[in-house]
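If you read the sequence shown in the numbering used here, its first letter stands for residue 1164, the second for the next number, and so on. Backbone N, C-alpha and C fix where the C-beta goes; we use that ideal spot for every residue, glycine too.
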Amino acid sequence: MTTELIVLHTTKFGENSLVVHTLSRDYGRRSFLIRRVSKKTMPLFLPLNIIEAEITESPRSNLYSAGNLTSACSLLGIRNNMLKNSMTMFISEVLYRTIKEGAAEYGLYDWCRKNILMLDAIESDFSNFHIRFLLELAVTLGFSPQTRDLVPFVGNHFQTIEQFMSLSFAESMLIPLNGQTRNEIAEEILRYIEYHTESSVNVNSLKVLRELFA
């Protein structure tokens, strides 16, 4: 079976193999074993890359194999931009730590794919993208927060969150925020997501965004 996968994370397996943690329309959040990975093929597994793969299911193991990998989208707009690359690290880590293995949230894959392509296409004014992404992720996962639901988590940033939730995507990208405020809001929304997923998200790559958008 050939399917499209969004790369969330990779784990080295043996000498030249990888376990690739992915999100897909057909399998939801699932990990696949990729054998004989070379330096030439490693760029396929960058965070949030969209790849096509032939899946081999095994009745004897929950770890399926994936082969004949190709890139489904070039994402040059992301890969040629350091800030966008850092955002994909952050977003992929949030998804990897939030969506449990085996979960198949309806519509999540298509929503993620749309957002990846949107980030790739935006040429300017995308510094607020990860904040909008986190808020929409909460909705996609079924939390559907009203502004008042976020009050215990966002503190003094309540009015700014109200703006994000009432404005269009394009308008929300233009909300004037300094780096410190943007980082504080991202951390607060993550705490809201942690509360609803009953797990510690603990996103390490937020530190990179904090430095780049300071």
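Query	Result
Boundaries of the beta strand (DSSP E) in which V1170 is found, first to last residue	T1165 to F1176
Per-residue DSSP class, three states only, for N1244	coil
Rounded distance between the beta-carbons of I1214 and L1168, thought under 8 Å	5 Å
Nearest-angstrom Cα separation, counted from L1258 out to S1329	24 Å
Three-state secondary structure assigned by DSSP to L1232	strand
T1166 vs A1235 beta-carbon contact at 8 Å	no
The beta strand (DSSP E) enclosing A1349, as first and last residue numbers	Premise fails: A1349 lies in the alpha helix (DSSP H), G1342 to T1360, not in any beta strand (DSSP E).
Residue closest to Y1272, alpha-carbon to alpha-carbon, out of R1295, L1211, F1327 and T1323	L1211
N- and C-terminal bounds of the alpha helix (DSSP H) containing V1302	F1292 to T1303
Residues bridged to Y1190 (per DSSP)	Per DSSP, none; premise fails for Y1190.
Same chain, Cβ closer than 7 Å to F1208, five either side skipped, listed in chain order	V1170, T1173, L1181 and V1183
Y1190 to Y1269 span [Cα, whole Å]	11 Å
Alpha-carbon to alpha-carbon, L1298 and T1310	10 Å
F1327 CB to nearest heavy atom of the ligand MG below 7 Å	In the structure shown, the ligand MG is absent, as is every other ligand, since no ligand is present at all.
Same chain, Cβ closer than 6 Å to L1232, neighbours up to 5 away in sequence not counted	L1207, I1214 and A1216
Counterpart residues of F1195 in DSSP-defined beta bridges	V1183 and Y1227
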